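A short write-up of the structure that comes next.
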Amino acid sequence: GEALAVSARVAPLGSRLVLLLVEDLTEARRIEAVRRDFVANVSHELKTPVGALSLLSEAVMDASDDPEAVERFAGRMQIEATRLTSLVQELIDLSRVQNDDPLEDAEPVRVDELVAEAIDRCRHQAGTKQITMAAGGTADLHVWGNRGQLAAALGNLVENAVNYSPARTRVGIAARRVNAAGGEHIEIAVTDQGIGISDKDKERIFERFYRVDPARSRATGGTGLGLAIVKHVAASHGGEVTVWSAEGQGSTFTLRLPEAGAARDRAHQQPARS
Ligand code: ADP
């Protein structure tokens with residue numbers, strides 16, 4: 122009603138203005154729908170482990186005279202509690218990357234350090250699957266940004282590469298300098314020989330909570346938030362994340378970020394927040 126009244130008032134100003142106003146309302150409605158979906162998703166994701174914990178604690182009480190069963194149920198409670206903790210941590214990370222301006226405490230960050238940190242984070246998981254990790258081209262490259270956020274972004278990409286790959290495969294991380302239109306950039310590409318992603322899913326994997334195979338994602342401790350965090354970090358640094366993939370062959374996720382020297386030279390032109 123309100124919208125119509127406003128439209129009627131501005132109509133004489135020209136149909137173009139009315140069109141803009143209608144587009145604005147559509148956009149506002151879309152944002153509201155996204156927010157509602159997000160809250161529903163979070164509630165659902167929280168309910169699952171909490172529900173399991175509550176059932177398992179009942180089972181423990183019923184099995185008090187069977188020490189083996191108690192131990193088994195307690196083990197599963199621990200898994201659910203870990204899942205809950207990582208979900209809450211990722212929600213905190215997501216809200217942090219969405220609310221903090223990463224360039225407020227931006228600094229030159231060494232690419233070899235970022236890569237070493239990401240590899241370290243996945244070393245255990247890669248070891249149990251006998252996945253080899255190798256990095257190249259990272260020497261003497263510096264990106265411009267928030268060290269913690271960049272480490273989280275690259276860490277998520279390497280973690281996914283390991284999680285969605287079969288045993289005894291290879292994960293490669295390669296960095297290089299590129300000359301893009303907006304100045305010097307650094308590209309860090311994470312390549313795996315894993316399950317790959319279909320064209321249809323490629324469009325959606327960066328959405329919050331979207332998973333191609335929810336059961337597989339949960340089994341590896343996935344929350345469905347990792348790539349949403351990566352996308353946000355890339356965009357807020359004036360960069361981008363892209364994916365190439367062939368089903369059954371593997372995937373390459375490429376993180377493009379402004380180079381430290383180049384970014385400092387145009388420090389007055391801060392990339393827009395999103
Ligand atoms: P998750 O916590 O489920 O890994 P992400 O947001 O990191 O969430 O990824 C979303 C989905 O994209 C994953 O559930 C998985 O289906 C798919 N995906 C991400 N990285 C890869 C990869 N390297 N190979 C295959 N599929 C991937």
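Heads up, the UniProt record's numbering is the position in the sequence shown plus 121, with the first residue counted as 1. No residue lacks a Cβ here, since even glycine has one placed at the ideal position from N, Cα and C. Quantities reported herein were computed from a predicted structural model and do not represent experimental measurements.
Straight-line Cα distance separating residue j from residue i
| i | j | result |
| --- | --- | --- |
| L142 | A247 | 52 Å |
| P170 | L140 | 46 Å |
| T147 | A272 | 36 Å |
| residue 65 | A173 | In the structure as shown, the chain starts at 122 and stops at 395, and residue 65 therefore has no counterpart that could be examined. |
| D313 | L346 | 20 Å |
| G258 | D241 | 18 Å |
| L166 | L278 | According to the sequence displayed, residue 166 carries Glu and not Leu. Taking the straight line from one Cα to the other gives about 22 Å. |
| G382 | I307 | 11 Å |
| I316 | A184 | 41 Å |
| I200 | D186 | 23 Å |
| L224 | M182 | 52 Å |
| T253 | R297 | 21 Å |
| D222 | V232 | 21 Å |
| Y285 | G266 | 28 Å |
| D226 | E144 | 36 Å |
Contacts around residue i, its chain only, beta-carbon distance under 7 Å, and the 5 residues preceding and following it disregarded
| i | result |
| --- | --- |
| Q251 | A288, R289 |
| L235 | L271, A272, L275 |
| K168 | none |
| G135 | none |
Counted within 10 angstroms of its Cβ, other Cβ atoms place residue i as buried (16 or more) or exposed
| i | result |
| --- | --- |
| V209 | exposed |
| E179 | exposed |
| T375 | buried |
| R137 | exposed |
| R157 | exposed |
| A149 | exposed |
| E189 | exposed |
| I213 | exposed |
| V155 | exposed |
| V299 | exposed |
| E228 | exposed |
| N220 | exposed |
| I152 | exposed |
| S366 | buried |
| S164 | exposed |
When the options are compared against residue i, the one with the closest alpha-carbon
| i | options | result |
| --- | --- | --- |
| S372 | V283, R197, R242 | V283 |
| R332 | A355, N281, G359, Q370 | N281 |
| R244 | A295, I213, R204, R291 | R291 |
| A237 | E225, A255, D226, T249 | A255 |
| A340 | E192, V191, I294, T203 | T203 |
| E380 | A336, P335, G304 | G304 |
| V230 | R217, V264, T249 | V264 |
| A239 | E144, S338, I294 | I294 |
| S338 | E192, D145, S207 | S207 |
Any non-hydrogen atom of the ligand ADP closer than 8 Å to residue i Cβ
| i | result |
| --- | --- |
| A239 | no |
| G315 | yes |
| A349 | yes |
| R242 | no |
| T206 | no |
| A274 | no |
| I318 | yes |
| S139 | The question names Ser, but residue 139 is Val in the sequence shown. Incorrect: V139 has no Cβ contact closer than 8 Å to the ligand ADP. |
| G293 | no |
| I252 | no |
| T344 | yes |
| V209 | no |
8 Å Cβ shell around residue i - same chain, five flanking residues per side excluded
| i | result |
| --- | --- |
| R329 | F159, N162, L215, G345, L346, A349 |
| V364 | I318, K323, I326, S372, T373, F374, T375 |
| L205 | L167, P170, V171, L174 |
| S395 | Note on S395: pLDDT 45, under 50, position unreliable in the model; no value is reported. |
| E211 | T344, L346, G347, I350 |
Own chain, CB closer than 6 Å to residue i, minus 5 neighbours either side, in chain order
| i | result |
| --- | --- |
| G360 | R377, L378 |
| F177 | Here the sequence assigns Leu to residue 177, which means Phe is not the residue at that position. Counting only Cβ-Cβ distances below 6 Å, and skipping sequence neighbours, we find F194, R197, M198. |
| E368 | G317, S319 |
| V362 | V351, K352, A355, L376 |
| R268 | V230 |
Residue i CB to nearest heavy atom of the ligand ATP below 8 Å
| i | result |
| --- | --- |
| R337 | Absent from the structure shown: the ligand ATP. Ligands present: the ligand ADP. |
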